[in-house]
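Undergrad: So the sequences go chain by chain: A and H. Take the first sequence: its letter number 7 is residue 7 in my numbering, and every next letter is one higher. Take the second sequence: its letter number 75 is residue 1075 in my numbering, and every next letter is one higher.
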Amino acid sequence: MVRSKFPIAAVLACLACGVAAAGAQEAGLTKNSEVGFRRVMEAAQRGRLGSDVVGASVGVEADRARVELVGADGSRRVLLLRRRTSEAAPSRYFEIEPGSGAGAADAAALAAALDEAFTYDPYQVRSYGAAPSLPGVAEAWRHGGWSAAVRVLAGRAAVPAGLAYQVAVLIGTALGLAASLVVLWRRPHAGE
Amino acid sequence: MSGAAVTRSPLLLGCIVSAAAFLWLDRVTPAPAITDDAVRDILLARDCTELGRCSTIGASASLRGFHQGAVRLGALVAVRLLGGGVHADRTLALVLLALAAGTVFVAASRRLRPQLALPAAVLFLAGVPAMDYQLTLLPDVLAAAALFAFAQSGAARYLAVAAFALGMAAGVHVGSLTLVPSLLALAVLAGRRVGRDVAAAFAVFAATYFLTSRAAAVANLEGLAEHGRLLPLGAAAALCALLPWPLRERFARLLPERRAAVAGFALLLPFAAGAIWLTAWQRHELSLAYLHPVLAPAAAALAALAAAGFERFGPRRSALAWRASAVLAFAVALLAWRDAAQQREAVRQWTFEEASAVAGQARQLGWSYEDLVFRVQSSSCRELLIGMSVASPPTPETVSGPSTTPAGVAAVSRWSSEATPPGRRSVSPGVPARSGTVPSAATKAAGKQLQVLRAGAGQLAALPASARLVPLGAGGTALVREIDAWLRPGELLACVAAEGSAERRCVRARQAGGRLSGGESFAARAYPEVAHLELPPRHVTTYEVPLVPVAGESRDVVLAESGPNGCGWRIVGVEGFEVEGTLPSDRVRLRSVAGAPGRLVFERHYGTAACPTDVLDRRYPPCVFESPPGDPLWPLVEGRAW
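In structure tokens form, the structure reads like this:
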């Protein structure tokens, strides 16, 4: 048996390479956000977004969402959501901009409903080769501590890999499988 | 093949068993069926090989908060990089299964008893057709065999192999994670340097899992944290490590055969505990398909039990015991595979090869894949459509470069909480335009549809000139014909009502222009659906399909699919036409006097009192066939059992 520290070192190096290989990415609203938005719509139906609000519809595109509150009289009030960028944002994850027919009270009510509905960050990192939006790990650590750094690492890991990475993994796994078969099929050493 | 022969040359015999297993599997395994999961995976593989975007996460697991890994996707990518297709996928899967059977044989002969090798390998193969995740069987077997070897020898290389194989297996299906406690417990029991062995094994496992399925690894960690499972898991891991510790010396004094028995127990116990937790607490519908992590140890245990049973007849007959075990194992395997073959025959649909052949013909007629969505008239039309998506070339926008829209968003684009009052039909405004470079119009006119019909050799005599013949292999033929349809499914209104409720939720088809989606990826072709409506467990789905007729003409419309008794699609309403016959029905003849538009209403019950609950609402219009009276193809349609 090999008695060097090489395997663990190699594993750690591979992990680092895997993280570093993550390409550019951007955060957007994915299908995972559907559950949260449905909670907001249910809240609207229960009157939690105003006594005169009977329903809501939500449209999502990339990193933005459009919430339309439907009044009992059929009127419609529009609020636009985008990813939170300031500490002063009314919601934990969203900036809310009142649009057609909506006011500050609607925004406040929606903010409360969004905070209740989203127990997780609805923005998830996806990679499409351009527009990198995540900071580097060091930068994240400087600004947000270890939790921000971990979040950036996790975000980079969630990015789709490139073909070169995939080919390297395929070669590695094929070699690993072949080596495993050899180890298990060959005659055991004496005393084993 | 005697026990002595197995003892002398298990390697050679293992190779023979693998070769025989491959030949047998190749003979009895049918062509891959077109399923949503299979299509999605192949499309994701095309994303990787053709667009350079390789997913490192698989589908959501049935256990909430977990995702499958990307090892299966990797296998599909490898096949495509080597120039293969669906048939090569099948061959690779069979080669890996055959190697798994050979490994069971070799491991049983070396680590248990030579006489058990063949029965164990055959019983393992008997369990294969019941498994859903067959690609995970080789790494599962490697892990189990390595743990048996480690338990008997304490050699760290076996633990490293087990950890690597477990990382691979978990990258196919998260169920294999149930072997991690076994690995931990055996590492403590049999390890020579426990701390170093466990650390190395964990590093190998984590690295393998992370490198092959890094997005799944992150998502699963987040899922564990979100569901508050990290602490219980940590406690369970500590228990697995601490409980065996006082037994180390005792374990070391055991005979190798006893150690193997303990290893088998250690492999089966955590899985059994996990199964009980899943069914009792998580209300998971656990089935035989999830037994893959313990299939090999269970096969070995059954073989040992059978041999022990035969040996009870007396020492003189013990030489025959293993032969009787082998015969019994073969009988079980034959019965299992025959049963599986009968079940597959009963649900025969289109195959990928057939769908590919039809897609080629459609391309010659000028149809792109996106044009075909909702506009294929055939039996199992949705399966045929998604099967065709695998072979269809990219649309221009797919290869033009990355989209600005994250994957998944396209399927989310709009939800509405507004309820439709009884009696009021249309509520939801149209679906907003998607971002990216989505063409707004189909290349095929809205009224065009493509009809595809299977035909036997004797049914090809009187064909219309417009029909093309497509050989399907094995003597089958498909008739492909473009028609000017009256039905406009791309503009339908979809409604869902909970059972017993008059309140309906409705939405217009999301594909008003005829194209399904933008060019985010090939994977966007997976799961075509007419509308994303929330589906209560027991509900009634209604599709109101506009009709654009020709004045003075008639048209027959027949449902090209059947369902459970009284629970399939039915035509329940016609507006704007004279109708011959009564409704509800599975067919209707429409006659248009003035050519005014109308609509046809289809309805289906899901999970309601009289209908089974295991039929999924695919959010896709029913398969129909329409033709003018006197159509030469009608005899192929009339009276057909769909």
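Glycine included, each C-beta is placed from N, C-alpha and C at the ideal position.
(1) Nearest by alpha-carbon distance to residue 1449(H): which of 1479(H), 1247(H), 1484(H) is it?
(2) Flag this pair as yes or no: are the beta carbons of residue 1135(H) and residue 1096(H) separated by less than 8 Å?
(3) What do you reckon, is the C-beta of residue 1450(H) under 7 Å from a heavy atom of the ligand GDP?
(4) Taking all protein chains shown into account, do 16 or more other C-beta atoms lie within 10 angstroms of the C-beta of residue 1035(H), making it buried, or fewer, making it exposed?
(5) Only counting the same chain, and skipping five residues up and downstream in sequence, which positions put a Cβ closer than 6 Å to that of residue 1635(H)?
(6) Measure from the alpha carbon of residue 1065(H) to the alpha carbon of each residue in 1223(H), 1258(H), 1379(H), 1235(H), then state which is nearest.
(7) Can you check whether the CB of residue 122(A) is closer than 8 Å to the CB of residue 165(A)?
(8) Looking at the structure shown, is residue 1362(H) part of a helix, part of a strand, or coil, going by DSSP?
(9) Closest to residue 1600(H) by C-alpha separation, out of 1302(H), 1609(H), 1593(H), 1588(H), would be which residue?
(10) Counting beta carbon pairs with one atom in the segment 1579-1598 of chain H and one in the segment 1546-1559 of chain H, are three or more of them shorter than 8 Å?
(11) I want to verify the contact list: residues of chain H whose CB lies under 8 Å from the CB of residue 165(A), in sequence order.
(12) Report all residues from its chain with a CB closer than 6 Å to the CB of residue 1369(H); omit the five preceding and five following residues, and keep chain order.
(13) Between 1333(H), 1252(H), 1150(H), 1169(H), which has its C-alpha nearest residue 1120(H)'s C-alpha?
(14) In the DSSP assignment, find the beta strand (DSSP E) that holds residue 1546(H) and state where it starts and stops.
(15) Assuming contact is defined by CB atoms lying nearer than 8 Å, are residue 1197(H) and residue 1156(H) in contact in what I supplied?
(16) Assuming residue 1204(H) is part of the alpha helix (DSSP H), what are its boundary residues?
(17) Check for me: the alpha helix (DSSP H) holding residue 143(A) runs from which residue to which?
(18) Just grab the DSSP bridge partners of residue 1507(H) for me.
(19) Please list, in chain order, the chain H residues whose beta carbon lies closer than 8 Å to that of residue 180(A).
(20) I need the boundaries of the alpha helix (DSSP H) containing residue 173(A), first residue and last residue.
(21) Of all Cβ atoms in chain A, is any one closer than 8 Å to the Cβ of residue 1176(H)?
(22) Going by the CB atoms, is the gap between residue 1551(H) and residue 1592(H) shorter than 8 Å?
(23) Give me the Cβ distance between residue 1572(H) and residue 1603(H), rounded to the nearest whole Å; I'm assuming they're in contact under 8 Å.
(24) Looking at the unbroken beta strand (DSSP E) that takes in residue 1306(H), where does it start and where does it end?
(25) Using three-state DSSP, classify residue 123(A) as helix, strand or coil.
(26) Establish whether the CB of residue 1479(H) and some CB of chain A are separated by less than 8 Å.
(27) Measure from the C-beta of residue 185(A) to each C-beta in chain H and report whether the shortest distance is under 8 Å.
(28) Mind listing the chain A neighbours of residue 1136(H)? Cutoff is C-beta to C-beta under 8 Å, in chain order.
(29) Can you give the Cα-Cα distance for residue 1537(H) and residue 1606(H), rounded to whole angstroms?
(30) Mapping DSSP to helix, strand and coil, what is residue 1656(H)?
(31) Whose Cβ in chain H lies nearer than 9 Å to the Cβ of residue 199(A)?
(32) Can you tell which of 1355(H), 1038(H), 1063(H), 1115(H) has the C-alpha that lies nearest to the C-alpha of residue 1310(H)?
(33) Is the CB of residue 1014(H) under 8 Å away from at least one CB in chain D?
(34) Mind checking whether residue 140(A) and residue 1215(H) have CB atoms under 8 Å apart?
(35) In angstroms, rounded to a whole number, what distance separates the CA positions of residue 1408(H) and residue 1523(H)?
(36) With 16 as the cutoff for other CB atoms within 10 Å, does residue 1575(H) come out buried or exposed?
TA: Looking at the coordinates:
(1) On the second sequence, position 449 is the one that residue 1449(H) refers to. Closest in alpha carbon position to residue 1449(H), among 1479(H), 1247(H), 1484(H), is 1484(H).
(2) Here residue 1135(H) corresponds to residue number 135 of the second sequence, with the count starting at 1. Here residue 1096(H) corresponds to residue number 96 of the second sequence, with the count starting at 1. Yes. Within cutoff.
(3) Here there are no bound small molecules, and the ligand GDP is not part of this structure.
(4) The count along the second sequence starts at 1 and reaches residue 1035(H) at position 35. Residue 1035(H) comes out exposed.
(5) Within the second sequence, numbered from 1, the residue matching residue 1635(H) stands at position 635. The answer is none, since no qualifying residue turns up.
(6) Here residue 1065(H) is taken as the residue at index 65 of the second sequence, counted from 1. When only C-alpha atoms are compared, the closest one is 1223(H).
(7) Start at 1 with the first residue of the first sequence, and residue 165(A) comes out as number 165. Start at 1 with the first residue of the first sequence, and residue 122(A) comes out as number 122. Cβ distance not < 8 Å, so residue 165(A) and residue 122(A) don't count as in contact.
(8) Indexing the second sequence from 1 puts residue 1362(H) at position 362. Correct three-state label for residue 1362(H): helix.
(9) If you number the second sequence from 1, residue 1600(H) lands on position 600. Of the candidates 1302(H), 1609(H), 1593(H), 1588(H), the one whose C-alpha sits nearest the C-alpha of residue 1600(H) is 1588(H).
(10) Touching, per the Cβ criterion.
(11) As a first step, residue 165(A) must be located in the first sequence, where it is residue number 165. Simply 1054.
(12) Numbered from its first residue, the second sequence carries residue 1369(H) at position 369. Cβ within range, chain order: 1389, 1392.
(13) Counted from its first residue, the second sequence places residue 1120(H) at position 120. Cα-wise, what sits closest to residue 1120(H) is 1333(H).
(14) Along the second sequence, one-based indexing puts residue 1546(H) at 546. Annotation for residue 1546(H): the continuous beta strand (DSSP E) segment containing it runs 1539-1547.
(15) Locating residue 1197(H) in the second sequence gives position 197, counting from the first residue. Locating residue 1156(H) in the second sequence gives position 156, counting from the first residue. Contact: yes.
(16) The residue you call residue 1204(H) lines up with position 204 of the second sequence. Looking at the DSSP string, the run of the alpha helix (DSSP H) that includes residue 1204(H) is 1194-1212.
(17) In the first sequence, the residue the question calls residue 143(A) occupies position 143. Counting along the chain, the alpha helix (DSSP H) containing residue 143(A) begins and ends at 137-157.
(18) Residue 1507(H) sits at position 507 when you count from the first residue of the second sequence. In DSSP, residue 1507(H) forms a bridge with 1494(H).
(19) Translated into the one-based positions of the first sequence, residue 180(A) becomes position 180. Simply 1142, 1146, 1161, 1164, 1165.
(20) Sequence index remark: in the first sequence, residue 173(A) carries index 173 (1-based). Looking at the DSSP string, the run of the alpha helix (DSSP H) that includes residue 173(A) is 163-185.
(21) Residue 1176(H) sits at position 176 when you count from the first residue of the second sequence. No, residue 1176(H) does not count as interfacial toward chain A.
(22) Position 592 of the second sequence holds residue 1592(H). Position 551 of the second sequence holds residue 1551(H). Yes; because the gap between Cβ atoms is below 8 Å, this pair is in contact.
(23) Taking the first residue of the second sequence as 1, we reach residue 1572(H) at position 572. Taking the first residue of the second sequence as 1, we reach residue 1603(H) at position 603. Indeed, because the Cβ distance is near 4 Å, the residues count as touching under 8 Å.
(24) Position 306 of the second sequence, counted from the start, is the residue given in the question as residue 1306(H). Where residue 1306(H) is concerned, there is no enclosing beta strand (DSSP E), although the alpha helix (DSSP H) it sits in stretches over 1295-1311.
(25) For the purposes of this step, residue 123(A) is taken as residue 123 along the first sequence, with counting starting at 1. Residue 123(A) falls in the strand class under three-state DSSP.
(26) Taking the second sequence and counting its residues from 1, the one referred to as residue 1479(H) is at position 479. False, the Cβ-Cβ gap to chain A never drops below 8 Å.
(27) To locate residue 185(A), count along the first sequence from 1; it is residue 185. By this cut-off, residue 185(A) is an interface position.
(28) Here residue 1136(H) refers to the residue found at position 136 when the second sequence is read from its first residue. Those do not exist, as residue 1136(H) stays about 13 Å from chain A at its closest Cβ, beyond 8 Å.
(29) As a working mapping, residue 1537(H) is identified with position 537 in the second sequence. As a working mapping, residue 1606(H) is identified with position 606 in the second sequence. In a straight line, the C-alpha of residue 1537(H) is about 8 Å away from that of residue 1606(H).
(30) Outside the displayed range of chain H (1001 to 1642) lies residue 1656(H), so it cannot be described from this structure.
(31) This structure leaves residue 199(A) out entirely; chain A is present only between 1 and 192.
(32) Against the second sequence, residue 1310(H) aligns to sequence position 310. For the residues 1355(H), 1038(H), 1063(H), 1115(H), the minimum Cα distance to residue 1310(H) belongs to 1115(H).
(33) The structure shown contains no chain D; the protein chains it does contain are A and H.
(34) As a first step, residue 140(A) is located in the first sequence; it is residue number 140 there, counting from the start. As a first step, residue 1215(H) is located in the second sequence; it is residue number 215 there, counting from the start. Cβ atoms of residue 140(A) and residue 1215(H): not closer than 8 Å.
(35) Position 408 of the second sequence, counted from the first residue, corresponds to residue 1408(H). Position 523 of the second sequence, counted from the first residue, corresponds to residue 1523(H). With a pLDDT of only 31 at residue 1408(H), under 50, the local geometry of the prediction cannot be trusted, and the value read off the model is given with reservation. Rounded to whole angstroms, the gap between the alpha carbons of residue 1408(H) and residue 1523(H) is 10 Å.
(36) Position 575 of the second sequence, counted from the first residue, corresponds to residue 1575(H). The residue is exposed, with fewer than 16 neighbouring Cβ atoms inside 10 Å.
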